[in-house]
Amino acid sequence: MRTRRMLAAFALAMLSACAGAPRASSGPPADERVVLADREAPPVLFDLPPGEVLRLLPMRREGARTRATDAIDGAVVDALLREALRQSARFDVAADLEDGPARHAVLPVLDAGSGQLALALLDQSGEHAPLPLAAVTLRADEVPDAIDALAWTARRTLGDPASDAPLRCASAFSSKEECIRTTERALAQLTQGRTLGVQALVDRARRADPGAPLAWLAAATLALATGDAHEAIRVAEQAPRLLAARLTPTTQHRLARVLVLARAQANPIDAARHDQQLLDLGLVFANDRPFDPHGRYTIALAHNHLGSFAEARDVLAGLQSRWPRVPYVAYHHAFALLGLALPQEALKVLDDGARELPDELALLPRALALFGAGECQELDERLGRLALRDPDGSAWRHELLRMRASLAILERRDADAVRFLLEDLQWLHARPTVLSTRTIDVAEAGDSLVRLGASRELATRLDAFRALPTRDRALSTVLTWLGGLVCVAVGDPEGASLAVTTLERSQEDVWATRLRAARAHGLGRIDDEARELATAIRLADAQLDRADFARVLDALGRREDAHVMRQDTKQRLFAVRLRGPLEHPLLSPARALACVAAAAR
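Remember, this note's numbering sits 1 above the position in the sequence shown when you count from 1.
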């Protein structure tokens, strides 16, 4: 275990070095810290057990209102008090979207007449009366300093030694109210999986306070959530270098987590190494601050990405109780359960904790869980409702059509599958700008239509694609291949041979090989088909090629080899992974056909 800890510490040190961060021993400058020299430690009024969750309730106003106290923004007070109290290494502060169940809560009460802000400890079981902890006089122009004094006193009265001078809350967050308000809104939306409009909030926050650590965290998190891994890396690397004096342990850890996740996203080939680094990062932080749930969340993410689903499930189950309002916990918990082949439990987790996630995020785990649980009718109805709500111009409509077609294939509703596939091709044809990134989808839809007996309908769609004013090489290649498949299907050997020759001259080996296999199948040349399919599998290893090869092996009398091939194909199709391609048949009409073929024997 000691060796493990040493390796984890080394990994974290390497991470900090890459980000250009100073060594932790250097510490923030003194002027970023609360001055404690002239303060007398208050007595302990209630010795809160180590590791206890302490709820921080929103500030309440009482008494007659005055102009002076009306200028005090309760949301700003709540945010600064949260950052001040969360520096405790003794207890866990639950607040805002990271709220959770706890026996004890702290209630800030502002006397609107006198300006006094008091903290009281509440026993939420109702067994004990409220216990006053600390109080300060609050003025609108001195909120951060008052919060620092209030939080330090409260920590001491709750049994936290608080011997180290805490970071000023204005340093940990900001002294600019505009920055605090907009950053809080940005982080709240990101926590719930929403990115629309967040960039404007982040920009406003960073203009108000260019050095606000949580605004930097919001910027890095947004970049990661929108797939801009390189921007996420840039922000998360710069933050420790430029803002070291203002980072609380939790904020520093969250930035490091974004950094490692972004590196894995930017370099998928090396993702496993980054995921192991993520696990080490979480273990180190959890060792240093065992009561901070962010360390456990990092550990759970790492386990899920590494495919250690049982370990991830155990951590996420506890986190879902601690963070019931963080839907990403339920999202990852559901994936862990899907990885353990527990779709019914995954559905319950999503119902309990992921209702706030946007449909675009929640659909994937929910669809996999519904399909795995055999709830295909409910899944079909849900997809239909989403299709009605989704505007035609949305890229998500394309994914919905593919999923609806795949589900129809899996349920042997071929006419519905053909309708969805033709609608999808029409959607793609109307948007030439997206074709360069969707060429494989065109190929899958066309191949599926041929196999479903809709070759003539496909031919009409192919003519429309050929009439586009501009086509890149990838699309032209796919159109040639699909045209060849149509020729095979309608009994035009000359057209099929011409398409093969065109693909061979263009050195499009995979497409030429697949078309030769289809031509051999049409002519009943089983040995030639077997040879071409074996080559296609070696070149591309697609699941539909493997299913076709299993069929050919059966025809050749190699039934044991065919059985092994089918079993391997089914295992690949239903494997759950968060890194690399998810090959579930519900996400691709071609893989749906492969699944049907693999289940045929």
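Just so you know, even glycine gets a beta-carbon here, dropped at the ideal spot from N, CA and C.
Practice item. Count the other CB atoms, across all protein chains shown, that sit within 10 Å of the CB of G385; report buried if there are 16 or more and exposed otherwise. Key: exposed
Review point. What residues in its chain sit with their C-beta under 6 Å from that of A388, if we drop five residues either side in the sequence?
Key: L401
Exercise for review: Tell me whether A599 sits in a helix, a strand or coil according to DSSP, three-state version.
Suggested key: helix
Review point. Candidates Q239, R195, E357: which alpha carbon is nearest P211's?
Key: Q239
Exercise for review: Count the C-beta pairs between the stretch 188-203 and the stretch 58-65 that are closer than 8 Å, then say yes if the count reaches three, no if not.
Suggested key: no
**Study point:** Continuous beta strand (DSSP E) stretch holding R61: start and end
**Key:** 61-63
Review point. Considering T478, what are the terminal residues of the alpha helix (DSSP H) in which it resides?
Key: 474-491
Review point. For P145 versus S176, is the C-beta spacing smaller than 8 Å?
Key: yes
Exercise for review: Determine the direct distance from the alpha carbon of T478 to that of A444, and round the result to whole angstroms.
Suggested key: 10 Å
**Study point:** Other residues of its chain near M2: CB distance less than 8 Å, five sequence neighbours each side excluded
**Key:** Bear in mind that the predicted position of M2 carries a pLDDT of just 38, short of 50, making it unreliable; the figure below should be weighed with that in mind. Answer for M2: no residue qualifies.
Point to revise | Cross-strand partners of P628 (DSSP beta bridge) | key: The question about residue 628 has no answer here: the residues shown for the chain are numbered 2 through 602.
Exercise for review: State the beta-bridge partners of P133 as determined by DSSP.
Suggested key: A121
Practice item. Could you tell me the boundaries of the beta strand (DSSP E) in which L55 lies? Key: 54-57
Point to revise | Cutoff 7 Å; reference A301; Cβ partners in own chain excluding five residues on either side | key: A313, V316, L317, L320, H333
Point to revise | Residue environment, P294, which counts as buried when at least 16 other CB atoms sit within 10 Å | key: buried
Check your understanding: Can the beta-carbon of L339 be found closer than 8 Å to that of A370?
Key -> yes
Check your understanding: Secondary structure at L469, three-state DSSP: helix, strand or coil?
Key -> coil
Exercise for review: Sort out for me which residues DSSP pairs L168 with in a bridge.
Suggested key: R34
Check your understanding: How should V491 be labelled, buried or exposed, when 16 other C-beta atoms within 10 angstroms of its C-beta is the threshold for buried?
Key -> exposed
Point to revise | Within the stretch 415-441, ranges of the alpha helix (DSSP H) (whole runs, at least 4 residues) | key: 415-430
Review point. So the alpha helix (DSSP H) V94 belongs to, where does it begin and stop?
Key: Where V94 is concerned, there is no enclosing alpha helix (DSSP H), although the beta strand (DSSP E) it sits in stretches over 93-95.
Check your understanding: What distance in whole Å lies between the Cβ atoms of L279 and L262, which are believed to be in contact at a cut-off of 8 Å?
Key -> 7 Å
Review point. What is the C-beta distance between G454 and L483, in whole angstroms, given that I count them as a contact (C-beta under 8 Å)?
Key: G454 to L483, Cβ: 15 Å. No contact.
Practice item. Using three-state DSSP, classify T154 as helix, strand or coil. Key: helix
Check your understanding: My guess is that L118 and L139 are in contact by the Cβ rule of under 8 Å, so how many angstroms apart are they, rounded?
Key -> 4 Å
Exercise for review: Consult DSSP for T138 and reduce its assignment to one of helix, strand or coil.
Suggested key: strand
Check your understanding: Does the Cβ of I652 have 16 or more other Cβ atoms within 10 Å, making it buried, or fewer, making it exposed?
Key -> No answer is possible for residue 652: it lies beyond the span of the chain, which begins at 2 and ends at 602.
Exercise for review: Give the DSSP-derived three-state secondary structure of Q253 in the structure shown.
Suggested key: helix
Practice item. Say whether the stretch 495-508 touches the stretch 457-466, bearing in mind that this needs 3 or more beta-carbon pairs closer than 8 Å, one atom from each stretch. Key: no
Review point. When DSSP labels each residue in this structure, what does W217 get in the three-state scheme?
Key: helix
Check your understanding: In terms of residues, what are the limits of the alpha helix (DSSP H) holding W1?
Key -> A query on residue 1 cannot be resolved here, the shown segment of the chain reaching from 2 to 602 and no further.
Point to revise | Residue of A600, L499, E584, P582 minimising C-alpha distance to D549 | key: A600
Review point. With contact counted as at least three CB pairs below 8 Å, one residue from each stretch, are the stretch 425-442 and the stretch 566-578 in contact?
Key: no
**Study point:** Continuous alpha helix (DSSP H) stretch holding F550: start and end
**Key:** 544-556
Practice item. Keeping to the same chain, check which residues put their C-beta closer than 6 Å to that of E357; ignore five residues upstream and five downstream. Key: Q193, P328
Practice item. Specify whether the stretch 95-105 and the stretch 162-177 touch according to this definition: at least 3 beta carbon pairs, one from each stretch, less than 8 Å apart. Key: no
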